[in-house]
Every structure is written in C-alpha cells, then in structure tokens.
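Shown next, in structure tokens, is the structure this report addresses.
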Amino acid sequence: MTPPGRRVAVVTGAAGGLGHAIATALHADGWSVLLTDLDPAAVHTAAAPLGGWSAALDVRDERACADIAATAASRGDLALWVNNAGILITGPSWEHDGPTRRRVFDVNALGAMNGTLAALAVMRGQGHGHVLNVVSLAGLVAAPGETVYAASKHALLAFSLGTLSDLRMAGYRRVHVSCLCPDGIWTPMLHDRLDDPGALASFTGSMLTPQRVAAWAVRLARRPRPVVSLPRWRGAQVRLLDTLPGLAVALTPLVQAAGRAGQRRQRRRTTPSDRR
6 MTPPGRRVAV VTGAAGGLGH AIATALHADG WSVLLTDLDP AAVHTAAAPL
56 GGWSAALDVR DERACADIAA TAASRGDLAL WVNNAGILIT GPSWEHDGPT
106 RRRVFDVNAL GAMNGTLAAL AVMRGQGHGH VLNVVSLAGL VAAPGETVYA
156 ASKHALLAFS LGTLSDLRMA GYRRVHVSCL CPDGIWTPML HDRLDDPGAL
206 ASFTGSMLTP QRVAAWAVRL ARRPRPVVSL PRWRGAQVRL LDTLPGLAVA
256 LTPLVQAAGR AGQRRQRRRT TPSDRR
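Structure, rendered in structure tokens:
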C-alpha cells in the first residue's frame, strides 16, 4: 500500500517506448507510478520492476480515465498525470478515410483531453497537481507527410494552453498543465518507418532516445512550464517556420531531402535488435 501523501503519477501508453521510459524515470525519482496501457498483459509486465502497479486503459473512454484518476488518488497524492498515449499515421491527408482520421484524433487529442480532465477533477479538489502532455514538435508546425497526426497534436497544444489559462482565471495557482514537444524519438512508433516517405519529417532533426526525453519529463514534473521543446534549437527552428508559412511550404523539398538523409543515417546506426 502506498503511504498516504506519497507522490503518485499516472502514465498512459506506458507498456513500452517513451511511456515506459517516462514511468521508469519517475520511479527512479521517487514517484509511485501507475502504468496504464491499452494492452493489459504488456503493461503488467512493464510495471513489474517498477512496483507492479498497472491497469488497462483505453484513453478514448472518458469514464475509464476518471476511474483511473480515482484509483490513483486512493493510493496517495495524485500529483502528476502524463498523457503519452498516441498513434502515428503517415501519408497525404487525402489518403486517410474518415474512421482513420477519427481514430487519430480520438487517441491523440480527445484521449489526452479525457486524461487531462480526469486528472484535473482530482487536482482542482486537492488544490495542486500537474498534467504533462506529450505533444511533439509536430504540434508546433505543420509536418508534411504527417498532416493528420500534426493536426491532432496542434489540437492538443491549443487545448493544453487554453486549459492552463482557464485554471489561472479560475484561481488555481498550483495546478499546472505542461506540454513536452520532442523531436523524433527512436521508439517502436518509428522503427518501421525507415523506408516510409510519409515519415520524413520525423527524421529531419535530432533522433532522440526515449531515455533522454524521459529525463526532460522528470525535469518538467519538478518545474512545470507551459511548453518545452527538445532539443530547444529545433523548437526555435520550427516556430520560425510556423510564423512564415509561405517559406515553410517553399522549403518542402529541403525537408524531404533532410528526412531521407536522416532515415539513411538512422538505418546505419541501428541493428535488428534495436527495432524489437
């Protein structure tokens, strides 16, 4: 049983990849972490070395998110909720049918909204807490080849910042919402994208390890900030392009070339075991 008052964190999409790395880093930092994922068996296995606390969660289910928040709060102080669960589709926007577009938004945007609001229902009551949303650089600028994914992340960024302002307007000074916007991360989400022309945008900058991003998530958990990009120079770069949309479109061929080069570079760095 978690001692009363102990810091409790919930991490979604924590069976593997970045979510598991974040849960591991939080556990090492002294948090009691509830790992959640759509796959109950996988998240149970992932949680075993981290205290063994796990639960199945489909973030698209608003009631299920509320139940997880209540479960976490019953074990201590729900001080952190990390919305990490997400899916990536690539290719021109016109190639994706309605159900596919809805699924991306249901998970990446509405699912994170469900988690945020479930956590805030507890955190507003206790007067403090922190929601950390994993957004991606694709939430800061249009990402060619990842248009629908980027649109869902733009929606999450707007929701997060607007909700933070709403909290301040309502007088909640110790309840925070932060957005972590990393560059491409070498996780299973990208392992099968080395030959995918639609994923070129994810390979144009610094390919990050999940452990590096997780370390930043822990820093952000300690010191909330509205938006943090990783690496910072990439955040500045994409924000500049976002203010100059005509230039951004004109540079699309350069983005494609940089992405192809990044895919080749990553292919040379990886071995078959890296893609498991």
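Start counting at 1 in the sequence shown, then tack on 5, and there's your number in the numbering used here. Every residue gets a Cβ at the ideal spot worked out from N, C-alpha and C, and that includes glycine. A quick note: this is a predicted structure, and the numbers were derived from the prediction, not measured.
Quiz prompt | Exposed unless 16 or more other CB atoms sit within 10 angstroms - verdict on glutamine 268 | solution = Glutamine 268 is buried by the Cβ-count criterion.
Practice problem: Look at the Cβ atom of threonine 192, then the Cβ atom of asparagine 89, and state whether they are nearer than 8 angstroms. | Solution: Cβ atoms of threonine 192 and asparagine 89: not closer than 8 angstroms.
Practice problem: Please name the residue in Leu122, Pro236, Thr209 whose C-alpha comes closest to that of valine 218. | Solution: Selected option, being the one with the closest Cα: Pro236.
Practice problem: Would you tell me roughly how many angstroms separate the C-alpha atoms of glycine 56 and glycine 22, rounded to the nearest one? | Solution: Separation of glycine 56 and glycine 22 (C-alpha to C-alpha, rounded to the nearest whole angstrom) is 18 angstroms.
Quiz item: With a CB to CB cut of under 6 angstroms and the five nearest residues on each side skipped, what residues in its chain are close to valine 139?
Solution: Contacts found: Asn89, Leu185.
Quiz item: Considering only residues of the same chain and omitting the five flanking positions on each side of arginine 273, which have a CB-CB separation below 8 angstroms?
Solution: If the five residues before and after arginine 273 are omitted, its C-beta is found closer than 8 angstroms to no C-beta atom of its own chain.
Quiz item: So is arginine 281 buried or exposed if we call it buried at 16+ other beta carbons inside 10 Å?
Solution: Reliability fails at arginine 281, whose pLDDT of 48 lies under 50, so the model's placement of it is uncertain and no value is given.
Practice problem: Whole angstroms is fine: what's the gap from proline 8's alpha carbon to arginine 80's? | Solution: Caution is warranted here: a pLDDT of 48 is assigned to proline 8, below 50, making its placement in the model unreliable, and the coordinate value is therefore given only provisionally. When the Cα atoms are used, proline 8 and arginine 80 turn out to be separated by approximately 7 angstroms.
Quiz item: Thinking C-alpha only, which one of Ala206, Arg198, Leu125, Leu161 is nearest arginine 173?
Solution: Selected option, being the one with the closest Cα: Leu125.
Exercise. For the alpha helix (DSSP H) containing aspartate 171, list its first residue and its last residue.
Key: Its alpha helix (DSSP H) spans residues 152-174.
Practice problem: Tell whether a beta-carbon distance below 8 angstroms holds between alanine 114 and alanine 160. | Solution: Annotated as proximal: alanine 114 and alanine 160, with beta-carbon spacing under 8 angstroms.
Quiz item: For the alpha helix (DSSP H) that contains serine 183, what are its first and last residues?
Solution: For serine 183, there is no enclosing alpha helix (DSSP H); the enclosing beta strand (DSSP E) has its first and last residue at 180-187.
Practice problem: Enumerate in chain order the residues of its own chain whose CB-to-CB distance from methionine 6 is below 8 angstroms, with the five nearest sequence positions on each side excluded. | Solution: Per-residue confidence for methionine 6 stands at a pLDDT of 38, beneath the threshold of 50, marking its modelled position as unreliable; no derived number is given.
Quiz prompt | Nearest residue (CA-CA) to tryptophan 99, options Gly203, Arg65, Ala84 | solution = Out of Gly203, Arg65, Ala84, the CA that lies nearest to the CA of tryptophan 99 is found in Gly203.
Exercise. Determine contact between the stretch 101-114 and the stretch 143-160, defined as no fewer than three beta-carbon pairs at a distance below 8 angstroms.
Key: Taking a contact to require three or more Cβ pairs closer than 8 angstroms, the stretch 101-114 and the stretch 143-160 qualify as touching.
Quiz prompt | Within 8 angstroms, strictly: CB atoms of proline 187 and threonine 257 | solution = When the beta-carbon positions are compared, proline 187 and threonine 257 stay at least 8 angstroms from each other.
Quiz item: Can you tell me where the alpha helix (DSSP H) with leucine 195 in it begins and where it stops?
Solution: Note, leucine 195: alpha helix (DSSP H), 193-196.
Quiz item: Leaving out the 5 sequence neighbours to the left and right, which residues in its chain are closer than 6 angstroms to alanine 61 when beta-carbon positions are compared?
Solution: So the qualifying residues of the chain are Pro45.
Quiz prompt | Own chain partners of alanine 147 with C-beta closer than 6 angstroms, once the 5 adjacent residues on each side are dropped | solution = Only residues of its own chain outside the window of five on either side were considered, and among them Ala155 have a CB closer than 6 angstroms to the CB of alanine 147, listed in chain order.
Exercise. Specify, as a first and last residue, the run of the alpha helix (DSSP H) that alanine 61 falls within.
Key: For alanine 61, there is no enclosing alpha helix (DSSP H); the enclosing beta strand (DSSP E) has its first and last residue at 59-61.
Practice problem: Please determine, among His196, Asp197, Met118, the residue with the shortest C-alpha to C-alpha distance to glycine 167. | Solution: Checked all of His196, Asp197, Met118; the closest Cα to glycine 167 is Met118.
Quiz item: Is serine 76 helix, strand or coil when you go by DSSP?
Solution: Serine is not the amino acid found at residue 76; the sequence shown has threonine there. Three-state DSSP puts threonine 76 in a helix.
Self-check item: Reduced DSSP secondary structure (H/G/I, E/B, other) of glycine 203
Solution: DSSP places glycine 203 in helix when its eight states are reduced to three.
Self-check item: Three-way DSSP call (helix, strand, coil) for leucine 256 in this model
Solution: Judged by DSSP in its simplified three-state form, leucine 256 adopts coil rather than helix or strand.
Quiz item: Counting along the chain, where does the beta strand (DSSP E) carrying arginine 12 start and finish?
Solution: Note, arginine 12: beta strand (DSSP E), 12-16.
Practice problem: With DSSP collapsed to three states, give me the class of isoleucine 27. | Solution: The answer is helix: DSSP assigns isoleucine 27 an H, G or I state.
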